[in-house]
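Report on one structure; see the data block that follows.
Protein chains in written order, with the numbering used here: chain A, 1 to 254; chain B, 1001 to 1239.
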């Protein structure tokens, strides 16, 4: 389980999130909903062990991750996959992008052998890369240059890149913002399959309907903190917090 | 009229007053000194550019300003400073480097390092933060992230190395001061480069031969640039 406990984080003097707590367990999908700019991405970065919070603790399976040494934290970090809203693909082929996570986990001797093999053109595509691309419907573009992909294709490859190394937790920042309804359905199905494989998934989205469709639990992020975290049914049908109710019903406009 | 002028130059080109092996020896000295100096500069500049691109520290802007100022270092001043350093009374006097290729490499290193560092740094800082963040969250260590950034900035870094090489091989003032423009008794170059040979020929009124050597120098630089650009294109197609 990854757990944020009473975490606050600010960039320079501008406070982004304050005193928030959230956890994600294996095999559940947690949705974070809230208007743009409210700090959803910051919460994901804190869960990804990418940002060290100014206050509070981040725990991974009971370990306070910012108290362990860097090599232990790297090992924990490598059990998490994160997909940014911007696809941020490397200037390389789709296959090289998707296998990046696998490559950095190999010892240097194997990486050098792969590099040599790649120079000689003798490397095949790893099975995990093909499977991950298959999940997002991009296996036919495995040898295409990343810069020639459309925005939606790049977003799907970015998703496959995080899936390829089989993370224990998957953090997704607006994963379908550039996708048409058909491909949105494809990614949502991939999220459900990930949950069925006991992967813990956190999805930050401004699309409340998406959160309602795929999440087991939902956190409503307003004004730098969670107004309410609960089961999807509770949040959408019987919210206890007045601001949550207004946000869900569309009365609270940011 | 231009054709007549070219025809008048032809005998000078065909009947060059060079001893056998002279031209190849000055090409060899030019390439030896410049390639080693630029290789050393690159090995020094690239880690510096990566460290500066990846870290924030007090005085970073000052260091950048010093590097940028270094791109405009007058080469004769660099030559004088290196000459003082390697002269008998200088700190490196005991190494007996005065009027040697090693001293010329030192001066070209000083001249090539600022452009290679500054242009590499610009290329590295130009790589999107999103790409760095992606490499990090996908499980990369600091070294992995740095390697991704270097790969993304590779064309800018190649441009930086070419700029440094261009500055080194076309340099005349400092190599003349620290190298001495020396040939051995059999006329073969010891510290004479294409640029110092051109300067000598022009000073002696041998404009035809100076032009021919100038042509050789230009061809050399163009060939090296073309090879690097071609390799870059092939790399872009194969990556």
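In this text, a Cβ means the ideal position worked out from N, Cα and C, and glycines have one as well.
Original post:
Checking contacts by CB at 8 Å: is residue 1141 of chain B closer than that to chain A?
Top reply: yes
Subject >> Interfacial residues, the stretch 1048-1063 of chain B to chain A, with Cβ spacing under 7 Å >> reply: none
Original post:
Which full runs of the beta strand (DSSP E) of 3+ residues lie inside the stretch 78-162 of chain A, going along the chain?
Top reply: 80-83
**OP:** Give me the Cα-Cα distance between residue 62 of chain A and residue 1 of chain A, rounded to the nearest whole angstrom.
**Re:** 8 Å
Subject >> Contact with chain A by residue 1022 of chain B, beta-carbon distance below 8 Å >> reply: no
Subject >> The alpha helix (DSSP H) enclosing residue 1155 of chain B, as first and last residue numbers >> reply: 1154-1169
**OP:** Just the C-alpha distance for residue 1054 of chain B and residue 1150 of chain B, rounded to the nearest angstrom, thanks.
**Re:** 11 Å
**OP:** Report the neighbours of residue 1229 of chain B on chain A: residues whose CB is nearer than 7 Å to its CB, in chain order.
**Re:** Residues of chain A passing the Cβ test: none, with the nearest at roughly 17 Å.
**OP:** Taking all protein chains shown into account, decide if residue 107 of chain A is buried (16 or more other Cβ within 10 angstroms of its Cβ) or exposed.
**Re:** exposed
Original post:
What do you reckon, are the CB atoms on residue 90 of chain A and residue 1148 of chain B nearer than 8 Å?
Top reply: yes
**OP:** Take every Cβ of the stretch 168-181 of chain A, pair it with every Cβ of the stretch 81-100 of chain A, and state whether three or more of those distances are shorter than 8 Å.
**Re:** yes
Original post:
By how many angstroms is the C-alpha of residue 185 of chain A removed from the C-alpha of residue 216 of chain A?
Top reply: 17 Å
Original post:
Taking only beta-carbon atoms, is residue 1209 of chain B less than 8 Å away from chain A?
Top reply: no
Subject >> residue 23 of chain A (DSSP reduced to helix, strand or coil) >> reply: strand
Original post:
Any Cβ of chain B within less than 8 Å of the Cβ of residue 172 of chain A?
Top reply: no
Subject >> Given 8 Å, three or more beta-carbon pairs between the stretch 130-144 of chain A and the stretch 60-78 of chain A >> reply: no
Original post:
Using a Cβ cut-off of 8 Å, which residues of the stretch 69-88 of chain A contact any Cβ in chain B, in chain order?
Top reply: 74, 77, 78, 80, 81, 82, 84, 86 and 88
**OP:** Out of B:1110, B:1127 and B:1125, state which residue places its alpha-carbon closest to the alpha-carbon of residue 1077 of chain B.
**Re:** B:1110
Subject >> Residue burial classification, residue 72 of chain A (beta-carbon count within 10 angstroms, cutoff 16) >> reply: exposed
Original post:
For the alpha helix (DSSP H) that residue 227 of chain A lies in, which residues bound it at each end?
Top reply: It is not in any alpha helix (DSSP H) - residue 227 of chain A instead sits in the beta strand (DSSP E) that spans 225-231.
Subject >> Own chain, CB closer than 8 Å to residue 1092 of chain B, minus 5 neighbours either side, in chain order >> reply: 1085 and 1086
**OP:** Could you work out which residues of chain B lie near residue 31 of chain A, taking near to mean beta carbons separated by less than 8 Å?
**Re:** Going along chain B, no residue has its Cβ under 8 Å from residue 31 of chain A, so there is no contact; the nearest lies around 20 Å.
Subject >> Residue-chain proximity (residue 1130 of chain B, chain A), Cβ-Cβ < 8 Å >> reply: yes
Original post:
Under a Cβ-count criterion, where at least 16 other Cβ atoms within 10 Å of its own Cβ denotes burial, should residue 202 of chain A be classed as buried or exposed?
Top reply: buried
Original post:
With residue 195 of chain A and residue 29 of chain A assumed to form a contact (beta carbons below 8 Å), what rounded beta-carbon distance in angstroms separates them?
Top reply: 5 Å
Original post:
Checking contacts by CB at 8 Å: is residue 1201 of chain B closer than that to chain A?
Top reply: no
**OP:** Take the Cβ of residue 1114 of chain B as the centre, count every other Cβ of all protein chains shown within 10 Å, and call the residue buried at 16 or more, exposed below.
**Re:** buried
**OP:** Would you verify that the beta carbon of residue 1122 of chain B is, or is not, closer than 8 Å to some beta carbon of chain E?
**Re:** Considering every chain present, this structure includes no chain E. Its protein chains are A and B.
**OP:** Could you check what DSSP says for residue 72 of chain A in three-state terms: helix, strand or coil?
**Re:** helix
**OP:** Please classify residue 19 of chain A: is it buried, with 16 or more other beta-carbons within 10 angstroms of its beta-carbon, or exposed?
**Re:** exposed
Subject >> Spatial distance of residue 1095 of chain B from residue 59 of chain A (CA atoms) >> reply: 59 Å
**OP:** Mark residue 1204 of chain B as exposed unless 16 or more other C-beta atoms lie within 10 angstroms of its C-beta, in which case mark it buried.
**Re:** exposed
**OP:** Give me the Cβ distance between residue 1167 of chain B and residue 1103 of chain B, rounded to the nearest whole Å; I'm assuming they're in contact under 8 Å.
**Re:** At roughly 17 Å, the Cβ-Cβ gap does not stay under 8 Å, so residue 1167 of chain B and residue 1103 of chain B are not in contact.
**OP:** Give the interface partners of residue 101 of chain A over in chain B, defined as CB-CB distance under 7 Å, in chain order.
**Re:** 1138 and 1139
**OP:** Label residue 1089 of chain B either buried or exposed according to how many other C-beta atoms from any shown protein chain fall within 10 Å of its C-beta, with 16 as the threshold for buried.
**Re:** exposed
**OP:** Could you check what DSSP says for residue 1189 of chain B in three-state terms: helix, strand or coil?
**Re:** strand
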